[in-house]
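See structure below.
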Amino acid sequence: MGRVMITKIADNIISPLGCTSEENFRAVLAGETELKKQEDTFGLPESFCASLFNRDNINKQLDCELGHVDNLTFFEKLCVLSAKKAIEECNLSPRETNVIFILSTTKGNVECLEDSLSDQRCYLAESAIKIAKYFGNNNSPLVVSNACISGVCAQITAIRELLSGKYRYAVVIGGDVLSKFIVSGFQSFKALSPELCKPYDKDRIGLNLGEAVGTMILKAGKPSNEGDWRYVASSIHNDANHISGPSRTGEGSFRVLSDILKDISVDEIGFVNVHGTSTAYNDEMESIALHRVNLDDVPINGLKGYYGHTLGAAGIIETILSMKAIENGVILPTKGFETIGTSYNVNISNQLRNTDKPAFVKILSGFGGSNAGISYQKGGKA
Amino acid sequence: MTTLAHIRITPSETLLNGKVISNSNISGIYREFIGDYPKFFKMDSLCKLGFIAAELILKGQTPEQKENASIILFNRNGSLITDRNYQKTIADDNYFPSPALFVYTLANIVTGEIAIRHKIYGESSFYVLSHQDDEMMLDVVKNAYLTSPPSFILTGWVDYEDEGNYLADIKLVTK
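Chains as they are written, first to last, in the numbering used here: chain F, 10 to 391; chain U, 1476 to 1650.
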């Protein structure tokens, strides 16, 4: 195709497992997780299992690396630090008019409602503007608020902005921090597992939540190095079925995968990195969608056993870790999985596997019946 | 872009393609023009507003056209109206969080409600902006054609602040 190529030029992950993409990848390779039982946290009456930032340590680091930025909240500081690290990695001039900032978040500063129901910090666009302004960027930022699929949708939004020719660079930041608001809601839904989550397992009983932020910087233009990542395909579809339950036929996810497979051969795909929240319905739905597009034999993996569900960050950090995995010739193990517990016998493993394939597919699904997917390929011919 | 239809709903009037069709509030419009979808009463205010706008503007579109349509909506307040209501249910001395309320603390649920009612299987996206920036919204909508082209796009502004301040300004557009 004669269209503009989109290349990933930098990335960063800040999570309880580390402050760079590389640190996070090494921690996951070593099987580490910070998921654990949290008691007397956020003023919640019930305990829960989650991966949380150590507030003292991360605040010290934020102060040390960002100096005093009193006008930013904890959530915004994390986004700024992640973006800063990615920007430094590729020497981007973030104040240039050809750079757009795109923020993926589900709830931003929602915890500020505890202070006041009319707290101005709860407006998501205000957070995005403050983050862009920190870097001297005056373009209006976009906030993608598509529930759990936001991280992939933000990449797709960025890619479209770059394909249109209006911008040359997109700084795509995804993040959420946990609070009484978010955890109590998931608890009320009975969606949380009191123990470590078990994606796709027959004994899975729910998800774990986690905190993280991630940044990807995308550029319109050909890769400069042989090993660079380029965008291949993407898709977003609704189930048109239920606002809080996935489709029994995996309709939206099936349509997403079908679209993506029009642009990439199964032979090129090392693995599909699934949403794999470890709820009964999500994992079952995904297995149906994978089966419907004949991907039963292609390796799949899920990363929620290391991080929990990181909401607005999930699509970003799981994409970055999938890139790192392909670069290292591996398929990361699905931590927590033991025995298949979905209707279709998809190709999932809790062991590290090897791959020499150059591409992967990342899929997500979420509330509102939303589904999204994206595929990237390393090097190769354009 | 070609505009196929346009709906504008404010607390004082509802205009379809520039013509005033009602002066009722959201529930009044539901009773006047819809009335056959009990799920409407479970929705939060943002969803009710988006839902009635979609009902009125999608009349005349065939199921085939709707199946491959996209929904791309924008606002400033996100789901703050329901966020505030939910926050009141998790106070230390009055703690009774409800899943039926929590699910509406996501702005994109309105796109899901419209998709369910009209069997729209295309893209559903929600963006939060600092203000109704028509140029930026038009760019996002035009750009949607750069990846997978839909049959048409239901798009625009749907923002609910309180019962005296809300606006749905939504169009059906094609390339």
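We put the CB at the ideal spot given by N, CA and C, even for glycine.
Please decide whether residue i counts as near chain F, where near means a Cβ-Cβ distance under 7 Å.
i, result
"THR1557 (chain U)", "no"
"TYR1596 (chain U)", "yes"
"ILE1565 (chain U)", "yes"
"SER1626 (chain U)", "no"
"MET1611 (chain U)", "yes"
"PRO1486 (chain U)", "no"
"ALA1582 (chain U)", "yes"
"GLN1562 (chain U)", "yes"
"VAL1648 (chain U)", "no"
"PRO1572 (chain U)", "yes"
"ASN1543 (chain U)", "no"
"TYR1635 (chain U)", "no"
"TYR1602 (chain U)", "yes"
"VAL1495 (chain U)", "no"
With DSSP as the reference, label residue i as helix, strand or coil.
i, result
"TYR316 (chain F)", "helix"
"CYS58 (chain F)", "strand"
"ASN225 (chain F)", "Checking the sequence, you will find Met at residue 225 (chain F) rather than Asn. Residue state, collapsed to three classes: strand."
"THR1469 (chain U)", "Since the first residue of chain U shown is 1476 and the last is 1650, residue 1469 (chain U) is not available in this structure."
"ASN66 (chain F)", "helix"
"GLU135 (chain F)", "helix"
"LYS263 (chain F)", "Per the sequence shown, the amino acid found at residue 263 (chain F) is Phe instead of Lys. Of the three classes helix, strand and coil, the one that applies to PHE263 (chain F) here is helix, per DSSP."
"ILE372 (chain F)", "strand"
"ILE335 (chain F)", "helix"
"ALA391 (chain F)", "The predicted model places ALA391 (chain F) with a pLDDT of 48, which falls under 50 and marks its position as unreliable, so this point remains unresolved."
"PRO308 (chain F)", "strand"
"GLY117 (chain F)", "coil"
"GLN1607 (chain U)", "coil"
"GLU295 (chain F)", "helix"
"ASN1618 (chain U)", "helix"
"ILE96 (chain F)", "helix"
"LYS45 (chain F)", "strand"
"TYR1570 (chain U)", "strand"
"LYS1646 (chain U)", "strand"
"MET10 (chain F)", "Any reading at MET10 (chain F) needs caution, since the residue's pLDDT is 44, under 50, leaving its predicted position unreliable; the model's value is listed next. In this structure, MET10 (chain F) counts as coil in the three-state DSSP scheme."
"TYR143 (chain F)", "helix"
Give a yes or no on whether the minimum CB-CB distance between residue i and chain U is below 7 Å.
i, result
"ASP268 (chain F)", "yes"
"LEU252 (chain F)", "One detail in the question is off: residue 252 (chain F) reads as Ile in this sequence, not Leu. Yes, ILE252 (chain F) counts as interfacial toward chain U."
"HIS246 (chain F)", "yes"
"SER154 (chain F)", "yes"
"GLY382 (chain F)", "no"
"PHE51 (chain F)", "no"
"ALA322 (chain F)", "no"
"MET10 (chain F)", "The predicted model places MET10 (chain F) with a pLDDT of 44, which falls under 50 and marks its position as unreliable; any figure quoted below should be read in that light. Judged by the 7 Å Cβ criterion, MET10 (chain F) is not in contact with chain U."
"VAL192 (chain F)", "no"
"ALA249 (chain F)", "yes"
"ALA391 (chain F)", "With a pLDDT of 48 at ALA391 (chain F), under the threshold of 50, the modelled position of this residue cannot be trusted; read the value that follows with caution. Taking Cβ atoms only, chain U never reaches closer than 7 Å to ALA391 (chain F), which makes this a no."
How should residue i be labelled, buried or exposed, when 16 other C-beta atoms within 10 angstroms of its C-beta is the threshold for buried?
i, result
"HIS246 (chain F)", "buried"
"HIS1606 (chain U)", "exposed"
"SER1599 (chain U)", "buried"
"ASN291 (chain F)", "buried"
"GLY338 (chain F)", "exposed"
"GLY183 (chain F)", "buried"
"ARG64 (chain F)", "exposed"
"ASN1583 (chain U)", "buried"
"ASP268 (chain F)", "buried"
"PHE110 (chain F)", "buried"
"GLU197 (chain F)", "Per the sequence presented here, residue 197 (chain F) reads as Ser, with Glu not at that position. That one is buried."
"HIS77 (chain F)", "exposed"
"LEU1521 (chain U)", "buried"
"GLN360 (chain F)", "exposed"
"MET1518 (chain U)", "buried"
"SER233 (chain F)", "exposed"
"THR106 (chain F)", "exposed"
"CYS73 (chain F)", "exposed"
If residue i and residue j are in contact, beta carbons under 8 Å, what's the gap, nearest whole angstrom?
i, j, result
"SER331 (chain F)", "ASN282 (chain F)", "5 Å"
"TYR315 (chain F)", "VAL119 (chain F)", "The pair is not a contact, with the Cβ atoms about 25 Å apart (cut-off 8 Å)."
"VAL181 (chain F)", "ALA167 (chain F)", "5 Å"
"MET225 (chain F)", "GLN164 (chain F)", "7 Å"
"ILE8 (chain F)", "GLY259 (chain F)", "This structure cannot speak to residue 8 (chain F), because chain F is shown only from 10 to 391."
"ILE1484 (chain U)", "ALA1529 (chain U)", "The pair is not a contact, with the Cβ atoms about 11 Å apart (cut-off 8 Å)."
"LEU312 (chain F)", "LEU341 (chain F)", "7 Å"
"ILE191 (chain F)", "PHE376 (chain F)", "With 8 Å as the limit, ILE191 (chain F) and PHE376 (chain F) do not qualify as a contact, their Cβ atoms being about 12 Å apart."
"ASP1558 (chain U)", "LEU122 (chain F)", "6 Å"
"ALA249 (chain F)", "GLY382 (chain F)", "Not really, about 17 Å apart at Cβ, beyond 8 Å."
"VAL161 (chain F)", "GLY317 (chain F)", "Their Cβ separation, rounded to whole angstroms, is 18 Å, which puts VAL161 (chain F) and GLY317 (chain F) out of contact at 8 Å."
"GLY27 (chain F)", "ASN33 (chain F)", "5 Å"
Ranges of the alpha helix (DSSP H) found wholly within the region 1490-1552 of chain U, counting only runs of at least 4: Listed in chain order, they are 1501-1508, 1520-1532, 1538-1542.
Minimum length 4: unbroken alpha helix (DSSP H) runs contained in the region 169-222 of chain F: Counting only runs of 4+ residues, the alpha helix (DSSP H) found wholly inside the region 169-222 of chain F occupies 189-197, in chain order.
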